[in-house]
Structure formats: C-alpha cells, structure tokens
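What follows is one structure encoded as structure tokens, with my remarks underneath.
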Amino acid sequence: MIKSFRHKGLQVFFNTGSKAGIQPHHASKLNRQLLRLDIAKAPSDMNVPGWHLHALEQELIGHYSIWVNGNWRITFRFEGEDVILVDYQDYH
14 MIKSFRHKGL QVFFNTGSKA GIQPHHASKL NRQLLRLDIA KAPSDMNVPG
64 WHLHALEQEL IGHYSIWVNG NWRITFRFEG EDVILVDYQD YH
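Numbering-wise (our numbering), the sequence shown opens with residue 14 and increments by one.
Next up, the structure:
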C-alpha cells in the first residue's frame, strides 16, 4: 500500500484524478502504475514488461524506478510491505 508521496502533484492525481500536477499525457500510464504500486508487496511485483524496473544507486540506494515515458520515471521505496516516498521525476 502506498503510504507516502514526495511529489504532491502525483499524490493529488492518485487521490482525486486531477492532472494539474502531472504531465497530462502520462495520466493513463501513471494510473495503471500507481494502482499496481498500491497493491504491491515487494519490488518484484512492479517488474512488468516495458516498465524497466531497476534498483537505484548512490544517494537513492534502496529506491526503485519504473519508466513512465521518455525521461520520466516513478521512484519509490519499500518499507516492509508498504511503499513510501513515491516520486514522479525527469531524472536523466
């Protein structure tokens, strides 16, 4: 279950469907990814073909990333079976 967000626009989108804080053309895929993330119990649950799940390094060690579109990613961390610090970023 998603317990916390770093990106407030993504949190609003998840809770209300408002696209004001995200790239509107990402909405459909973000919705699918967030719904799956909300029921995930482990990082491997996010290993969906085309999402390019991978563990991050350096200052984000312990976090994981999935591909949204172009340079846009969702990053997150597991704390037990809960998902925390969900972020939406163009990090390349």
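Note that CB positions come from ideal geometry on N, CA and C, so glycine has one too.
Asked: Among Gly83, Trp85 and Val25, which residue has its Cα nearest to the Cα of glycine 34?; Found: Val25
Asked: For the candidate residues Trp85, His67 and Leu50, whose alpha-carbon lies nearest to that of histidine 38?; Found: Trp85
Asked: Identify the continuous beta strand (DSSP E) that holds aspartate 58 and give its terminal residues.; Found: Where aspartate 58 is concerned, there is no enclosing beta strand (DSSP E), given that its DSSP letter is neither H nor E.
Asked: Nearest to aspartate 58 by CA position, among Asn28, Phe91 and Lys16, is which residue?; Found: Phe91
Asked: Within this structure, are the beta carbons of phenylalanine 18 and valine 99 separated by less than 7 Å?; Found: yes
Asked: Quick check on glutamine 102: does DSSP put it in helix, strand or coil?; Found: strand
Asked: For valine 96, is the classification buried or exposed, using 16 other Cβ atoms within 10 angstroms of its Cβ as the cut-off for buried?; Found: buried
Asked: For alanine 40, does the three-state DSSP call read helix, strand or coil?; Found: helix
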